[in-house]
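For the sequence shown, my numbering assigns the number 11 to the initial residue and increments by one for each residue that follows. All C-beta atoms in this analysis are idealised placements derived from N, C-alpha and C, irrespective of residue type, glycine included. Keep in mind it's a predicted model, so treat the numbers as computed, not measured.
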Amino acid sequence: MGYLRGMVVRLRTGDARYAGTDDPLFLGVSGGAGGREFPLNVRWFDDAERRSDVRYALGDVWDEADLVGAKRPLMADASWNDPKLFYVGFEAIDRVYLRKQGERRPFAEDDAYQLDFIEVRLYGDPGARRVFRCTTAIWLGIRYGLQVWLPEVG
Numbered sequence: 011m012g013y014l015r016g017m018v019v020r021l022r023t024g025d026a027r028y029a030g031t032d033d034p035l036f037l038g039v040s041g042g043a044g045g046r047e048f049p050l051n052v053r054w055f056d057d058a059e060r061r062s063d064v065r066y067a068l069g070d071v072w073d074e075a076d077l078v079g080a081k082r083p084l085m086a087d088a089s090w091n092d093p094k095l096f097y098v099g100f101e102a103i104d105r106v107y108l109r110k111q112g113e114r115r116p117f118a119e120d121d122a123y124q125l126d127f128i129e130v131r132l133y134g135d136p137g138a139r140r141v142f143r144c145t146t147a148i149w150l151g152i153r154y155g156l157q158v159w160l161p162e163v164g
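As structure tokens, this is what we get:
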């Protein structure tokens with residue numbers, strides 16, 4: 011059985027007023043052979059702003075074309091945020107989700123996030139790739155719910 015080696019996450023923020031957020035976003039990957047959440051935090055980069063379209067790369071990605079223009083989250087290579095260090099079984103992955111960190115504050119102060127599009131490409135050994143995607147615009151926040159689960163599309 012192969013393991014998850016890397017991932018590329020494309021995250022597009024909606025264009026509604028107040029669509030962006032300053033709250034942390036996490037990508038979760040899990041299945042019958044383990045799982046983990048990975049923070050999508052890039053140092054000195056305001057990534058989840060209204061109308062932004064950002065790609066993140068974590069760990070080893072064997073498709074060089076997917077790395078063009080991708081940002082590297084903090085510690086995404088050979089450290090605590092590197093997918094290949096956690097031995098998540100690649101073939102057993104059956105859940106991929108995006109989670110927005112929610113803070114306990116009044117609804118009027120909820121820094122909700124409008125997700126417009128997300129695609130996650132998971133990479134195993136060379137030649138092994140799985141794709142999960144959500145193309146439905148959805149709000150994430152205390153009022154709306156903090157997670158969106160992605161179906162596998164290819």
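Discussion item. Taking the alpha carbon of W149 as the reference point, which residue from V18, W159 and R65 has its own alpha carbon closest?
Written reply: W159
Discussion item. Let me confirm a value: M17 is counted as buried when at least 16 other C-beta atoms fall within 10 Å, else exposed. Which label applies?
Written reply: buried
Item to complete: In angstroms with no decimal places, state the Cα-to-Cα distance between N91 and Y97.
Response: 13 Å
Worksheet item: Does the beta-carbon of R15 have 16 or more other beta-carbons within 10 angstroms, so that it is buried, or is it exposed?
Response: buried
Worksheet item: What's the C-alpha gap between D126 and V141?
Response: 17 Å
Discussion item. For Q157, list the residues DSSP reports as bridge partners.
Written reply: R109
Practice prompt. Taking L21 as part of the beta strand (DSSP E), name the residues at either end of that continuous run.
Written response: G16 to T23
Worksheet item: Residues in its own chain within less than 6 Å of D135 by CB, not counting five upstream and five downstream?
Response: G12
Practice prompt. Indicate whether R22 and D63 have their beta-carbon atoms separated by less than 8 Å.
Written response: yes
Fill in: Bounding residues of the alpha helix (DSSP H) (the contiguous stretch that carries D76)
E74 to L77
Fill in: Per-residue burial, R27 [other beta carbons within 10 Å of its own, 16 or more giving buried]
exposed
Fill in: C-beta atoms of L108 and L37 nearer than 8 Å
yes
Fill in: Cβ neighbours of A138 in the same chain (closer than 7 Å, five flanking residues each side left out)
G12 and F100
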